[in-house]
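Just so we're aligned, residue 1 is where the sequence shown starts under full-length UniProt numbering, counting upward by one.
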Amino acid sequence: MSEKIFLCSICNINSGTCKEDCKFCSQSVRYKADIERYKQKPMDAICQEAIMARDNGALGFCLVTADKGLTDKTLKFVCDVAKEVQKAAPELRLIACNGTASVEQLLTLKEAGIKAYNHNLETSEAFYPQICTTHPWSERYETCQNVNEAGLVLISGGIFGLGESQEDRISMLKSLKSLNPTSVPINFYHHNPALELEPNPLTADEALALIRLTRETLCDAERIMVAGGRELMFQERQAEIFENGANSIVIGNYLTTKGRVMSQDLAMLQSLGLDVAKSVN
1 MSEKIFLCSI CNINSGTCKE DCKFCSQSVR YKADIERYKQ KPMDAICQEA
51 IMARDNGALG FCLVTADKGL TDKTLKFVCD VAKEVQKAAP ELRLIACNGT
101 ASVEQLLTLK EAGIKAYNHN LETSEAFYPQ ICTTHPWSER YETCQNVNEA
151 GLVLISGGIF GLGESQEDRI SMLKSLKSLN PTSVPINFYH HNPALELEPN
201 PLTADEALAL IRLTRETLCD AERIMVAGGR ELMFQERQAE IFENGANSIV
251 IGNYLTTKGR VMSQDLAMLQ SLGLDVAKSV N
C-alpha cells in the first residue's frame, strides 16, 4: 500500500436518468428524488471541473453516467468527453463509470484514452436481490471480468450500510478479491428521504472497522478508497480513515450529494503529514 494519498474526483456527466430500481440510488427515476437531472453535461463545464480537480491535486478523474450500461450513444459521448478532457487537463488519469459494458465497448473507451473502469459489486450476491431487482449481480461481476480482459485498470468496490449483514460484507469483499481490483472504492450509504431504504445504521467505529477489514481482505489492492458518504459517516473523525487502511479519497462533490470544499481535504492531509500522490503506476 502506498503511503501517499491518491486523490480522485467524480464528474457526473449524465444525471438522474436511470430506469433501474437500485434502492440506494437517488439517480433512479423511479424514486423521484429531488436532484439535478440532465442527459449530457456541457463539455465546457466538464473540462472546468477537470481543471479544478487537477489543480487541487487529483490524479484520477471519473466520468460517470446514470444508466444500466453503455449504449452506442452513451459510448460516443464518453469517448468525446475523454478526448476533450485530455486536451484540457492531460495530467489526469481518466476513469469511466458507465454501468455494464462488453469487452468491445471497453476497448473503444481504452482507444479514446480511458485508463481505468469503475464498476462496483455494491454488496454480496446473496443480498443483492434485496436492493436491486432489474438486473442481476452476475452482470456486475461479468463486467468486472470484462474490464480485466480488456486490459483496463479495474476499480471495484461496494456500499456499506444498506441493511446487509456482516456475512454479506465479508462475502462481497471475497468476491472483490477474486477480481483483483487495483482500487477498491468503499462507499457508506448516504440516505435520501425519497429512497425506500432505512438510514445507514453504522456507527463511525463500525465503519472504521470495515475499512480495516477491506484492507486486510484485499491486501494486494494498491488503493483502498473511501468515497461516497465519507463526510456524513465520519464527520469530525475523517482523519481516522487513514489510520485504518485507506490511502485514497474522493475530493469535491459526489454524484448527487455535496462533498467538502477541496481545500479542506488538502488541509486535513497536510495537518496529518500525509503527502498527496503525484503520479500513479
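Heads up, the beta-carbon is just placed ideally off N, CA and C, and yes, glycines get one too.
How about residue i: is its Cβ closer than 7 Å to a heavy atom in the ligand ATP?
i    : result
L109 : This structure lacks the ligand ATP; in fact it carries no ligand of any kind.
Would you kindly report the start and end of the unbroken beta strand (DSSP E) that includes residue i?
i    : result
S183 : 183–188
S9   : 6–14
F160 : 158–160
S248 : 248–250
R93  : 93–97
F127 : Looking at the DSSP string, F127 is not in any beta strand (DSSP E), and its letter there is neither H nor E.
Between residue i and residue j, what straight-line distance do the alpha-carbon atoms span, to the nearest angstrom?
i    : j    : result
L210 : K4   : 21 Å
L197 : G163 : 8 Å
R140 : C22  : 13 Å
L7   : H191 : 24 Å
V280 : G252 : 20 Å
S9   : V85  : 13 Å
G69  : M268 : 36 Å
E222 : T182 : 5 Å
S171 : K76  : 36 Å
R212 : D72  : 40 Å
L266 : R260 : 10 Å
E167 : A45  : 42 Å
G245 : A207 : 12 Å
R169 : V78  : 32 Å
K19  : V250 : 26 Å
S15  : Q264 : 26 Å
A96  : A116 : 6 Å
N146 : A82  : 20 Å
Figure out for me which residue from the options has the closest Cα to the Cα of residue i.
i    : options                : result
K174 : G161, Y189, G157       : G157
K177 : M262, I251, C144, C79  : C144
G113 : C62, E20, I159         : C62
E111 : P193, R169, F242, D80  : D80
E122 : T203, N247, C11, V184  : V184
Q270 : E20, N56, A45          : N56
R54  : Y189, M262, L107       : M262
P199 : T71, F24, A58          : F24
T17  : A45, D67, C11          : D67
S248 : D275, R169, E36        : D275
L272 : A239, A246, L208, G245 : A239
E142 : I131, C132, N120       : N120
N12  : L195, E36, K19         : E36
A204 : Q235, Q264, N14        : Q235
C132 : L195, A227, G228       : L195
Determine the extent of the alpha helix (DSSP H) in which residue i is found, giving its start and end residues.
i    : result
T74  : 72–88
N148 : 137–150
R37  : Neither: R37 is in no alpha helix (DSSP H) and is coded neither H nor E.
I51  : 43–55
V103 : 103–111
Please check the pair residue i and residue j, which I expect to be a contact at CB under 8 Å, by giving their CB distance rounded to whole angstroms.
i    : j    : result
I186 : M233 : The Cβ separation is near 10 Å, so there is no contact.
T65  : N98  : 5 Å
F242 : L202 : Contact doesn't hold; Cβ gap of about 19 Å is too wide.
L94  : A277 : L94 to A277, Cβ: 16 Å. No contact.
N148 : L107 : N148 to L107, Cβ: 13 Å. No contact.
F188 : R230 : 7 Å
### Task
Count the C-beta pairs between the stretch 86–100 and the stretch 121–129 that are closer than 8 Å, then say yes if the count reaches three, no if not.
The stretch 86–100 and the stretch 121–129 do not touch, with fewer than 3 CB-CB distances between them shorter than 8 Å.
### Query
Does the stretch 211–218 come close enough to the stretch 142–154 that 3 or more CB-CB pairs lie under 8 Å?
The stretch 142–154 is not in contact with the stretch 211–218.
### Query
On the three-pair Cβ rule with 8 Å, is the stretch 134–148 touching the stretch 36–45?
When Cβ pairs closer than 8 Å are counted between the two stretches, the stretch 134–148 is seen not to touch the stretch 36–45, the count staying below three.
### Task
Say whether the stretch 47–57 touches the stretch 101–115, bearing in mind that this needs 3 or more beta-carbon pairs closer than 8 Å, one atom from each stretch.
Using a Cβ-Cβ distance cut-off of 8 Å, the stretch 47–57 and the stretch 101–115 are not in contact, since fewer than three pairs of beta carbons, one from each stretch, lie closer than that value.
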